[in-house]
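Trainee: The structure that follows is given in the form of structure tokens.
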Amino acid sequence: MRKIHVNKIIDTVQRLCIDACCFLEDDVKNLLHKAYNREISELGKNILQQIQQNIHVAETETIPLCQDTGMAVVFVEIGQDVHITGGSLYDAINEGVRRGYELAFMRKSVLDPISRTNTQDNTPAVVHYNIVDGDKLRITVAPKGFGSENMSRLKMLKPAQGIEGVKKFVLDTVLKAGANPCPPIIVGVGIGGTMEKAALLAKQAILRKAGTPSKNPNIAQLEKELLDLINMSGIGPQGLGGTTTALAVHIETFPTHIAGLPVAVNIQCHVARHKQAIL
Amino acid sequence: MNKCKFLSLPCSTKELESLNTGEMVYIKGTLITGRDAAHKRMIELIKKGQPLPVELKDQALYYVGPCPAKPGQVMGSCGPTTSSRMDVYTPMLLDLGLKIMIGKGQRDYSVIDAMIRNKAVYLAAIGGTGALLSKCVRKAKVLAFEDLGTEAIYSLTVENFPAIVAIDTKGNDLYKIGPTAFCRL
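Quick mapping for you: the protein sequence lines, in order, are chains A and B.
Letter 179 of the first sequence, counting from 1, is numbered 181 in this note's numbering, and no numbers are missing.
Letter 56 of the second sequence, counting from 1, is numbered 87 in this note's numbering, and no numbers are missing.
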């Protein structure tokens with residue numbers, strides 16, 4: 003049994019929260035750069051340029067890229083040969099979030115859904131655990147802003163609606179979202195499983211290195227087809243018109259029931275934040 | 032490049048009427064901020080016939096919930112939030128004299144009608160560029176509803192704050208015109 007102390011987890015989560023909110027990964031930067039070169043709308047090009055300048059300012063001065071530093075979504079893969087010592091894993095994750103958001107002057111946006119009373123420290127995080135082989139602990143922090151989260155949708159399609167129904171639902175979701183989720187967006191799609199599994203798949207799809215196609219060639223083809231369709235919508239950067247509405251479409255699938263075809267669409271804005279560490 | 036104008040606040044109705052959808056503007060002057068919770072409170076006060084803690088007449092209202100300022104910073108990251116969540120409250124504020132709104136995303140017909148009626152404009156700041164926009168803020172102070180934290184009403188003095196005329200006083204809506212021009216579906 004390999005032992006990992008909670009203090010190491012607290013420090014790691016703290017660092018990942020700050021890094022995710024201030025430093026964008028190269029995958030998204032590269033896609034934004036390509037989009038800038040391709041965009042045919044002058045205004046759209048200007049917007050993409052300002053987005054790139056923002057990334058530069060945020061990383062050189064360690065300022066959050068966006069004031070909506072999100073709700074912290076944390077994926078934890080625990081090797082079955084790992085033993086956590088010194089306290090509770092859940093508490094350690096939340097302590098890391100608490101410290102990270104306070105230390106880096108990030109906005110605390112988390113509140114009780116009914117009373118709307120703010121918890122003041124951006125906790126609790128939304129934590130997803132998965133037990134895997136091995137003796138490592140993999141932590142991914144993905145702060146999720148709600149401009150794009152609010153535009154996400156889920157539908158239980160009928161099997162008869164098939165792949166055409168899936169395409170229609172994804173496209174319709176992006177068209178309805180319009181300018182609100184801060185395009186250019188990354189579209190995460192979950193197909194299959196049960197209701198909550200489809201939603202989780204859509205969220206996991208967003209975490210994939212932006213622009214990397216699915217390993218399944220049929221799904222990769224569907225991703226490409228949907229990306230082309232979405233970019234023909236004209237929505238464009240910030241929804242003000244142009245050819246860059248999405249930077250990528252990522253689809254994850256899982257077997258489902260003979261009676262169902264669940265589809266979830268999780269929309270991610272261009273500030274596609276996620277950082278990972280392996281302990 | 033699209034035509035670029037400098038907008039010094041407060042500005043006259045004539046100046047506002049000269050702005051056209053699609054133009055880039057650089058704003059100089061003082062804005063007030065307000066988002067979901069501040070709007071809800073203002074509307075409750077209006078409905079009770081009580082005075083508002085801030086004057087809205089001829090003002091520019093920026094929909095933002097900033098990050099706290101780091102030491103040495105005037106204001107933390109402060110990009111626009113989704114304006115449509117304010118749509119239900121906005122016509123009432125426009126009828127009280129609000130002239131400029133700054134946010135992101137499309138507006139409801141009821142808002143556009145109230146904008147035409149009151150000769151107001153809606154400017155789009157670029158969502159997700161809060162770090163860049165924080166550099167345009169010269170002064171910041173809380174004006175009202177301090178207990179709301181990030182959702183309090185602030186006054187922000189800005190310089191060279193970039194925005195795009197998204198809906199002008201005539202009701203021309205770039206969120207419709209722009210995508211329609213590029214749609215190939």
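For each residue, glycine too, the CB sits at the ideal point set by N, CA and C.
Remember, it's a predicted structure, so these values are computed and weren't measured experimentally.
Would you give the residue range spanned by the beta strand (DSSP E) that Ala74(A) belongs to?
Mentor: Its beta strand (DSSP E) spans residues Met73 to Gly81.
Trainee: Within 10 Å of its beta-carbon, does Arg215(B) have 16 or more other beta-carbons around it, so buried, or fewer, so exposed?
Mentor: Arg215(B) is exposed by the Cβ-count criterion.
Trainee: Between the C-alpha atoms of His70(B) and Asn152(A), what's the straight-line distance to the nearest angstrom?
Mentor: Roughly 19 Å separates the two Cα atoms.
Trainee: I want to see whether chain B comes within less than 9 Å of Arg118(A), judged by CB atoms only; does it?
Mentor: Arg118(A) counts as touching chain B.
Trainee: For chain B, find out if any of its Cβ atoms is closer than 9 Å to the Cβ of Glu254(A); answer yes or no.
Mentor: Not an interface residue.
Trainee: So Leu47(B) and Lys135(B) are in contact, right, with Cβ under 8 Å, and what is the actual spacing, rounded?
Mentor: About 20 Å separates the two Cβ atoms, so there is no contact after all.
Trainee: With a Cβ-Cβ cutoff of 9 Å, do Pro215(A) and Ile269(A) count as a contact?
Mentor: Contact: no.
Trainee: Near Thr125(A), what residues of its chain come up, given a Cβ to Cβ distance below 7 Å and the 5 sequence neighbours on each side ignored?
Mentor: Asn96, Val99, Arg100 and Val112, listed in sequence order.
Trainee: In terms of alpha-carbon separation, which member of Val128(A), Gly72(A), Leu231(A) and Leu33(A) lies closest to Lys146(A)?
Mentor: Among Val128(A), Gly72(A), Leu231(A) and Leu33(A), the Cα nearest to that of Lys146(A) is on Gly72(A).
Trainee: Considering Lys78(B), what are the terminal residues of the alpha helix (DSSP H) in which it resides?
Mentor: Unbroken alpha helix (DSSP H) run through Lys78(B): Asp67 to Lys78.
Trainee: According to DSSP, what are the bridge partners of Val176(A)?
Mentor: Paired residue(s): none; Val176(A) is not in a bridge.
Trainee: Could you give the DSSP three-state label for Glu190(B): helix, strand or coil?
Mentor: DSSP places Glu190(B) in strand when its eight states are reduced to three.
Trainee: Among Leu62(B), Leu127(B), Asp126(B) and Glu54(B), which one has its Cα closest to the Cα of Lys172(B)?
Mentor: Ranking the options by Cα distance to Lys172(B), first place goes to Leu62(B).
Trainee: So Leu156(A) and Met197(A) are in contact, right, with Cβ under 8 Å, and what is the actual spacing, rounded?
Mentor: Sure, about 7 Å apart at Cβ, within 8 Å.
Trainee: Write down every uninterrupted run of the alpha helix (DSSP H) in the segment 90-130 of chain B whose length is 4 residues or greater and which is fully enclosed by it, in chain order.
Mentor: With a minimum length of 4 residues, the continuous alpha helix (DSSP H) runs that stay inside the segment 90-130 of chain B are 121-126.
Trainee: Could you tell me whether the segment 171-178 of chain A touches the segment 36-52 of chain B, where touching means 3 or more Cβ pairs closer than 8 Å?
Mentor: They do not touch, by the three-pair rule.
Trainee: Near Val251(A), which residues of its chain fall below 6 Å by C-beta distance, leaving aside the five closest residues on each side in sequence?
Mentor: Hits under 6 Å: Val189, Glu225, Leu228 and Leu229.
Trainee: Can you find a C-beta in chain B that's less than 9 Å from the C-beta of Arg210(A)?
Mentor: Closer than 9 Å: no.
Trainee: Does DSSP classify Cys23(A) as helix, strand or coil?
Mentor: Correct three-state label for Cys23(A): helix.
Trainee: Just reading off the alpha helix (DSSP H) that Gln54(A) is part of, what are its end residues?
Mentor: Residues Glu44 to Glu63.
Trainee: Taking Cβ-Cβ distances below 9 Å as the criterion, which residues of the segment 105-132 of chain A are in contact with chain B?
Mentor: For the segment 105-132 of chain A, which is checked against every Cβ of chain B, the residues closer than 9 Å are Ala106, Phe107, Met108, Arg109, Lys110, Ser111, Arg118, Asn120 and Gln122.
Trainee: For the alpha helix (DSSP H) containing Thr44(B), list its first residue and its last residue.
Mentor: That run of the alpha helix (DSSP H) goes Thr44 to Glu48.
Trainee: Quick one: which unbroken alpha helix (DSSP H) runs of 4-plus residues sit fully inside the segment 190-255 of chain A? Chain order, please.
Mentor: As far as the segment 190-255 of chain A is concerned, its whole alpha helix (DSSP H) runs of at least 4 residues are 197-209 and 219-233.
Trainee: Tell me, to the nearest whole angstrom, how far the beta carbon of Gln240(A) is from that of Ile49(A); I am working on the premise that it is less than 8 Å.
Mentor: Yes, they are in contact, since the Cβ atoms of Gln240(A) and Ile49(A) sit about 5 Å apart, within 8 Å.
Trainee: So, using beta-carbon positions, are Arg72(B) and Leu179(B) closer together than 9 Å?
Mentor: Yes, Cβ-Cβ distance for Arg72(B) and Leu179(B) is below 9 Å.
Trainee: Could you compute how far the alpha carbon of Asp137(A) sits from the alpha carbon of Glu41(A)?
Mentor: Each residue's alpha carbon lies about 46 Å from the other.
Trainee: When burial is assigned at 16 or more other CB atoms within 10 Å of the CB, is Pro102(B) buried or exposed?
Mentor: The residue in question, Pro102(B), is exposed, as its Cβ has fewer than 16 Cβ neighbours within 10 Å.
Trainee: Is there at least one Cβ from chain A nearer than 9 Å to Met117(B)'s Cβ?
Mentor: No, no contact with chain A.
Trainee: Could you check whether the Cβ of Pro183(A) sits closer than 8 Å to any heavy atom belonging to the ligand ADP?
Mentor: This structure simply doesn't include the ligand ADP, nor any ligand for that matter.
Trainee: Grouping DSSP H, G and I as helix and E and B as strand, with all else coil, what is Pro161(A)?
Mentor: Residue state, collapsed to three classes: helix.
Trainee: Report yes if the C-beta distance between Lys211(A) and Glu27(A) is below 9 Å; otherwise report no.
Mentor: Cβ distance < 9 Å, so Lys211(A) and Glu27(A) count as in contact.
Trainee: Assign His7(A) to one of three DSSP states: helix, strand, or coil.
Mentor: Reduced to three states, the DSSP call for His7(A) is strand.
Trainee: Pull up the distance between the alpha-carbon of Ala37(A) and that of Ile280(A), whole angstroms please.
Mentor: Approximately 32 Å between the Cα atoms of the pair.
Trainee: Could you name the residues of the same chain whose beta carbon sits closer than 8 Å to that of Leu34(A), not counting the 5 residues immediately before and after it, in chain order?
Mentor: These residues qualify, in order along the chain: Leu50, Ile53, Gln54, Ile57, Pro186, Leu249 and His272.
Trainee: Taking 9 Å as the cut-off, decide whether the C-beta atoms of Val265(A) and Ile193(A) are in contact.
Mentor: In this structure, Ile193(A) lies closer than 9 Å to Val265(A) by Cβ.
Trainee: Consider the Cβ of Met32(B): report whether some Cβ of chain A lies at a distance smaller than 9 Å.
Mentor: Low local confidence applies: a pLDDT of 47 at Met32(B) is under 50, so the model's placement there is unreliable, with the coordinate-based value given in what follows. Answer yes: the Cβ-Cβ gap between Met32(B) and chain A drops below 9 Å somewhere.
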